[in-house]
Amino acid sequence: MRKNSLIIAVLSIFVGVSCSMARHHARAPIRQGIAGQILWVTGNRMPSPDAPLPPPKGIRCSLYVHHLTSSSQVTRAGNGGFFSKIGTPLVKSLESDEEGNFSVELPEGSYSVFMGAKGMFYANISDHLGQISPVYVHKDSITRVQLQLDYQAVY
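Quick note on our numbering: the sequence shown kicks off at -4 and runs consecutively.
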């Protein structure tokens, strides 16, 4: 009986260490594409000398990389950056890790990156041409981005 308890204890430690290592295992590096972090931003974000703003935190989130998408190619879902339908082809979908870090190998080109939130697509930036969350991938380079999931923040 004592021998079985020892074996179970050793196996439990091994499984625990393996799971812990798996959670912190780095993704394979990409050579060309997009890499970055998704930050969860909430609450009153107005600056105040009496109340310093808490820093945003990384969050696990679904990401959807589409061909470059303009505001005329989406179906909006109410106010803000929510969309119920994206009218351009999906190139890749992926999940960020628990700290919000992600990377995706992509060919050279122009893309729009949407986050999954509340069963919809979310993007909160656009350029002067009306392109939603535009990201440009150049040959043999990695475009770094920081995305903010901030629909519960007040500015």
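The beta carbon of each residue, even a glycine, is placed where N, CA and C say it ideally should be. Quantities reported herein were computed from a predicted structural model and do not represent experimental measurements.
Identity of the residues DSSP links to residue i by a beta bridge
i, result
"Met176", "Not covered by the structure: residue 176. The range shown for the chain is -4 to 150."
"Val99", "Ile29"
"Ser127", "Contrary to the premise, residue 127 reads as Ile rather than Ser in this sequence. Answer by DSSP bridge pairing, in chain order: Ser121."
"Tyr106", "His62, Val130"
Residue i beta carbon near the ligand PLP (any heavy atom closer than 8 Å)
i, result
"Ala112", "Absence of the ligand PLP from the depicted structure is noted, as is the absence of any ligand whatsoever, leaving it without description."
Status (buried if at least 16 other CB within 10 Å, exposed otherwise) for residue i
i, result
"Tyr117", "buried"
"Thr64", "buried"
"Gln147", "exposed"
"Ile137", "buried"
"Val149", "exposed"
Nearest-angstrom Cα separation, counted from residue j out to residue i
i, j, result
"Ser128", "Gln27", "19 Å"
"Pro157", "Arg71", "The shown model of the chain, from -4 to 150, leaves out residue 157, and the question about it has no answer."
"Met41", "Leu34", "17 Å"
"Ser88", "Pro44", "41 Å"
Original post:
How do the segment 70 to 86 and the segment 97 to 115 stand: do at least 3 beta-carbon pairs fall below 8 Å, yes or no?
Top reply: yes
**OP:** Tell me, please, whether the segment 88 to 104 touches the segment 46 to 61 by the rule of three or more beta-carbon pairs shorter than 8 Å.
**Re:** yes
Original post:
Considering only residues of the segment 32 to 81, which uninterrupted beta strand (DSSP E) runs meet the minimum length of 3 residues and lie entirely inside it, listed in chain order?
Top reply: 57 to 62, 69 to 71, 77 to 81
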